[in-house]
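A.B. asks:
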Amino acid sequence: MHVADALLSPVVAGAFWAVSASLIGFSAQQVSLEEDGSKTPLMGVLGAFVFAAQMINFTIPGTGSGGHLGGGLLLTILLGPHRAFLALASVLVIQSLFFADGGLLALGCNLFNLAFIPAFIAFPFIYRVFAGNSASPVRRATGSMAAAIAALLTGALCVVLETTLSGITELPFSSFLLFMLPIHLAIGIVEGLVTLAVVSFVMKTEPALLATQPASSKPRFIPLLFTLAALIGGGVVSSFSSSLPDGLEWAMARVSQQEKVYGRGDNVHDLFASLQARTAFLPDYSFKISDKAVEKTATSASSLNSGTSVSGIIGSLLVLLLAGSAGFVLRKGSPYGQRGIANSGAK
Amino acid sequence: MKDINILTPRGQTLTPFLSISDHTALILSAMFLLFVLSVPKYNIPAVISYASFPLLLITAADLPVKPLLHRLLLLSPFVLIMAAANPWLDRRPFLDLFGITVSGGVISGLVLVLKTMVAMTALQLLTHLVPFNRLAFALKGVGVPELFVTQLLLVYRYSFLLAEEARSMKKARDMRSFGGKGKGLFTTAKLIGSLLIRTTSRAEKIYMAMTARGFHSGFVEKKATPLFTGVDIASLVVSFLGFLVVRMVFIH
Numbered sequence: 000m001h002v003a004d005a006l007l008s009p010v011v012a013g014a015f016w017a018v019s020a021s022l023i024g025f026s027a028q029q030v031s032l033e034e035d036g037s038k039t040p041l042m043g044v045l046g047a048f049v050f051a052a053q054m055i056n057f058t059i060p061g062t063g064s065g066g067h068l069g070g071g072l073l074l075t076i077l078l079g080p081h082r083a084f085l086a087l088a089s090v091l092v093i094q095s096l097f098f099a100d101g102g103l104l105a106l107g108c109n110l111f112n113l114a115f116i117p118a119f120i121a122f123p124f125i126y127r128v129f130a131g132n133s134a135s136p137v138r139r140a141t142g143s144m145a146a147a148i149a150a151l152l153t154g155a156l157c158v159v160l161e162t163t164l165s166g167i168t169e170l171p172f173s174s175f176l177l178f179m180l181p182i183h184l185a186i187g188i189v190e191g192l193v194t195l196a197v198v199s200f201v202m203k204t205e206p207a208l209l210a211t212q213p214a215s216s217k218p219r220f221i222p223l224l225f226t227l228a229a230l231i232g233g234g235v236v237s238s239f240s241s242s243l244p245d246g247l248e249w250a251m252a253r254v255s256q257q258e259k260v261y262g263r264g265d266n267v268h269d270l271f272a273s274l275q276a277r278t279a280f281l282p283d284y285s286f287k288i289s290d291k292a293v294e295k296t297a298t299s300a301s302s303l304n305s306g307t308s309v310s311g312i313i314g315s316l317l318v319l320l321l322a323g324s325a326g327f328v329l330r331k332g333s334p335y336g337q338r339g340i341a342n343s344g345a346k
Numbered sequence: 000m001k002d003i004n005i006l007t008p009r010g011q012t013l014t015p016f017l018s019i020s021d022h023t024a025l026i027l028s029a030m031f032l033l034f035v036l037s038v039p040k041y042n043i044p045a046v047i048s049y050a051s052f053p054l055l056l057i058t059a060a061d062l063p064v065k066p067l068l069h070r071l072l073l074l075s076p077f078v079l080i081m082a083a084a085n086p087w088l089d090r091r092p093f094l095d096l097f098g099i100t101v102s103g104g105v106i107s108g109l110v111l112v113l114k115t116m117v118a119m120t121a122l123q124l125l126t127h128l129v130p131f132n133r134l135a136f137a138l139k140g141v142g143v144p145e146l147f148v149t150q151l152l153l154v155y156r157y158s159f160l161l162a163e164e165a166r167s168m169k170k171a172r173d174m175r176s177f178g179g180k181g182k183g184l185f186t187t188a189k190l191i192g193s194l195l196i197r198t199t200s201r202a203e204k205i206y207m208a209m210t211a212r213g214f215h216s217g218f219v220e221k222k223a224t225p226l227f228t229g230v231d232i233a234s235l236v237v238s239f240l241g242f243l244v245v246r247m248v249f250i251h
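Residue numbers (numbering that gives the first Met the number 0), protein chains in the order written: chain A, 0 to 346; chain B, 0 to 251.
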């Protein structure tokens, strides 16, 4: 369920980054207040445990297909919300850097969907309500299943919201939601079952492990504040940003006192403009739309706005070729150009 | 890769052109990704042009292309589904390519895949040029809480050790499994539970060892180093201008 960088607009990615970064700061502050250094290595190794546990796959009953533990809810049950959020966040950072899961700018969204929701929503509002501190297997089973399913479904809803707000996909909101929710319901059921089975095993063999997390005395509206901030940041700001010019366009318009920046019309400008027109072998990056396209676009209410054309594509490929060749030339003058170092870097 | 890291001054990233601080490399990567993400969804030339920056680094630093390409093949299925859906949902004729009319959905799907590939390559380059421990310290340099940096370092270090343990447990289970028996969800959950118990007992030993060596709350060095040197600022400005030029030329 990791969101990739390319699926997000900078505004949505930035808004969720701001919310998730604040959550890291908030959680780190809360953990520091506990002043319990012994749990620092526990957080670290439990983060690493998530990676390791994901390597042990299992057969999903009734389907024959394979699956693995997600670990969000399990870590929260073991560590409590603040420590679990930090542990899950560290796992997501490493996944984005080394396993190509998500991306650097999508980290904000992924932390929100995969760490904030299980740690700060599903655990305190669902698992704790159902399971409480009771040892009753029925209450624990209900809590695990309900919390895991709710975490997965809410996460999937957030993915749909973030991607739709970014305006990258053509999928309509409702179709996208209908596609995502059933899949994540199934994943949630499996996650709930594994979490329950692991918690039950630990309860029988090492019950002390489950008593490590402190009873939360923090007001429960804090997670809601962060959710609200994410919705305002991701939703409201992105809806404004789509209709307003970007920062550079705004600044240029303010300076020039007009919406578009045109040439000044003086002699020097004209001279360079005509020179450019004569020398350009790929003139203008405007569309070369087919006749059919012109007709259809004229009748269509919406118009496509971009710089893609055959000449544009060829131009960009030439830039790519130039950059690649420049790299080869620069290699000779750089420390990488020395054979020994270059080889050690390559192998 | 290791040798390059030994040769670079401590806390400095050796790019093919100059040595910049690790946090500058981190900021530069984030800035580049922001520019790539801001490419409109129908603009192929802009994405291809932005690909020239990582390509320049790859060729100039003689970085291994094969592992990078291999990693690119691991494109998220989620992205591929989204990209594949676009041609079905947006059939407006968009471009006349040698007599063939290409729809807007094909273009936007292609842009999505290309953007993912460029973003992934940029991240791969960052992790190639800056080792993880220094990347974590660089995060501290840009204001990330010390506790989280310590957490990152611990997770990274112990992932390898626990992965080895998980691998041998899985191997032992698979060797005793006949016709898929014993690989079910509930049996495997017990295996995961055992791994969890081993993990927590390992955490206790680690804590005792760390305390014996003077650990208090984090690993991050207290030594104050200047955040940005002149070279760092110049690299950031020049890169920003380069990214901006591509934007101004290819995005109207």
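In this text, a Cβ means the ideal position worked out from N, Cα and C, and glycines have one as well.
Considering only their Cβ atoms, is the gap separating Pro44 (chain B) from Ser315 (chain A) smaller than 8 Å?
C.D. replies: Yes, these two residues count as a Cβ contact at 8 Å.
A.B. asks: Are any of the Cβ atoms in chain A nearer than 8 Å to that of Val230 (chain B)?
C.D. replies: No, its Cβ sits nowhere closer than 8 Å to a Cβ of chain A.
A.B. asks: Starting from the beta carbon of Leu96 (chain B), find every residue of chain A whose beta carbon is closer than 8 Å, and list them in chain order.
C.D. replies: Those are Val309, listed as they occur along chain A.
A.B. asks: Using a beta-carbon distance below 8 Å, is Arg201 (chain B) in contact with chain D?
C.D. replies: Here chain D cannot be found, since the structure's protein chains are A and B.
A.B. asks: Give the residues from the segment 172 to 186 of chain B that approach chain A closer than 9 Å (Cβ to any Cβ), ordered along the chain.
C.D. replies: The residues in question are Arg172, Gly179, Lys182, Gly183, Leu184, Phe185, Thr186.
A.B. asks: Just mark His69 (chain B) as buried or exposed, buried being the case when its beta carbon has 16 or more other beta carbons within 10 Å.
C.D. replies: Answer is exposed; the Cβ neighbour count stays below 16.
A.B. asks: So, helix, strand or coil for Ile19 (chain B), using DSSP?
C.D. replies: Correct three-state label for Ile19 (chain B): strand.
A.B. asks: Kindly indicate which three-state DSSP category Thr100 (chain B) falls into: helix, strand or coil?
C.D. replies: In this structure, Thr100 (chain B) counts as strand in the three-state DSSP scheme.
A.B. asks: Since Phe57 (chain A) sits in a beta bridge, which residues does DSSP pair it with?
C.D. replies: For Phe57 (chain A), which the question treats as bridged, DSSP gives the partners A:Gly66.
A.B. asks: Would you give the residue range spanned by the alpha helix (DSSP H) that Pro80 (chain A) belongs to?
C.D. replies: Its alpha helix (DSSP H) spans residues 80 to 97.
A.B. asks: If you draw a straight line from the alpha carbon of Leu41 (chain A) to that of Ala202 (chain B), how long is it in whole angstroms?
C.D. replies: If you take the alpha carbons of Leu41 (chain A) and Ala202 (chain B), they lie about 5 Å apart.
A.B. asks: With DSSP as the reference, label Leu22 (chain A) as helix, strand or coil.
C.D. replies: Note: Leu22 (chain A) maps to helix in three-state DSSP.
A.B. asks: Since Ser165 (chain A) and Ser8 (chain A) should fall inside the 8 Å C-beta cutoff, what is the C-beta to C-beta distance between them, to a whole number of angstroms?
C.D. replies: Right, their Cβ atoms sit about 4 Å apart.
A.B. asks: Flag Thr23 (chain B) as yes if its beta-carbon sits less than 8 Å from any beta-carbon of chain A, otherwise no.
C.D. replies: No - not a single Cβ of chain A is within 8 Å of the one on Thr23 (chain B).
A.B. asks: Could you check where the alpha helix (DSSP H) with Ala45 (chain B) kicks off and where it finishes?
C.D. replies: Segment 43 to 60, the alpha helix (DSSP H) holding Ala45 (chain B).
A.B. asks: In the DSSP assignment, the alpha helix (DSSP H) including Asp231 (chain B) goes from what residue to what residue?
C.D. replies: Here the alpha helix (DSSP H) through Asp231 (chain B) covers 229 to 249.
A.B. asks: Could you spell out the range, first to last residue, of the alpha helix (DSSP H) harbouring Tyr147 (chain B)?
C.D. replies: Reading the sequence as shown, one finds Phe at residue 147 (chain B) and not Tyr. 145 to 174 is the extent of the alpha helix (DSSP H) around Phe147 (chain B).
A.B. asks: Just how far apart, CA to CA, sit Asn377 (chain A) and Tyr49 (chain B)?
C.D. replies: Given that chain A is displayed from residue 0 to residue 346, the structure contains no residue 377 (chain A) and the question cannot be resolved.
A.B. asks: Is Leu6 (chain A) close to chain B, meaning its C-beta is less than 8 Å from at least one C-beta of that chain?
C.D. replies: So yes, Leu6 (chain A) belongs to the interface.
A.B. asks: How do the segment 80 to 88 of chain A and the segment 30 to 47 of chain A stand: do at least 3 beta-carbon pairs fall below 8 Å, yes or no?
C.D. replies: Counting Cβ pairs under 8 Å, three or more are found: they touch.
A.B. asks: Check Pro92 (chain B) in the structure and name its three-state DSSP category.
C.D. replies: Strand, per DSSP.
A.B. asks: Check whether the Cβ atoms of His22 (chain B) and Ala137 (chain B) sit closer than 8 Å, and answer yes or no.
C.D. replies: In contact: His22 (chain B) and Ala137 (chain B) (Cβ atoms closer than 8 Å).
A.B. asks: For the alpha helix (DSSP H) holding His183 (chain A), just list the boundary residues, first then last.
C.D. replies: Start and end: 172 to 204.
A.B. asks: For chain B, check one thing: does any of its Cβ atoms lie closer than 8 Å to the Cβ of Pro9 (chain A)?
C.D. replies: Pro9 (chain A) counts as touching chain B.
A.B. asks: Determine which residues share a DSSP beta bridge with Gly142 (chain A) and list them.
C.D. replies: Its beta-bridge partners do not exist; DSSP assigns none.
A.B. asks: If you drop the 5 nearest sequence neighbours on each side, which residues of the same chain put their C-beta closer than 8 Å to that of Phe185 (chain B)?
C.D. replies: None.
A.B. asks: Please report how far the alpha carbon of Ser75 (chain B) lies from the alpha carbon of Met168 (chain B), in whole angstroms.
C.D. replies: About 28 Å.
A.B. asks: Would a check of beta-carbon distances place Lys169 (chain B) closer than 8 Å to chain A?
C.D. replies: Output row for Lys169 (chain B): interface = yes.
A.B. asks: Figure out for me which residue from A:Leu104, A:Thr153, A:Phe172, A:Ala196 has the closest Cα to the Cα of Val137 (chain A).
C.D. replies: The shortest Cα separation from Val137 (chain A) among A:Leu104, A:Thr153, A:Phe172, A:Ala196 belongs to A:Ala196.
A.B. asks: Could you please give me the residues that DSSP links to Gly323 (chain A) through a beta bridge?
C.D. replies: Answer by DSSP bridge pairing: none, since Gly323 (chain A) is not bridged.
A.B. asks: Which residue or residues does DSSP assign as beta-bridge partners of Gly183 (chain B)?
C.D. replies: Answer is A:Thr58, bridged to Gly183 (chain B).
A.B. asks: Should Pro60 (chain A) be labelled buried (16 or more other beta-carbon atoms within 10 Å of its own) or exposed?
C.D. replies: Under this definition Pro60 (chain A) is an exposed residue.
A.B. asks: What residues of chain A sit near Ile196 (chain B), judged by a beta carbon separation below 8 Å?
C.D. replies: Simply Val201, Thr204, Glu205, Leu208.
A.B. asks: Would you report the Cα separation of Phe227 (chain B) and Phe122 (chain A), rounded to the nearest angstrom?
C.D. replies: Each residue's Cα considered, the two are about 42 Å apart.
A.B. asks: Against chain A, does Val236 (chain B) count as a neighbour if the rule is that its beta carbon must be under 8 Å from one of theirs?
C.D. replies: Answer no: the Cβ-Cβ gap between Val236 (chain B) and chain A never drops below 8 Å.
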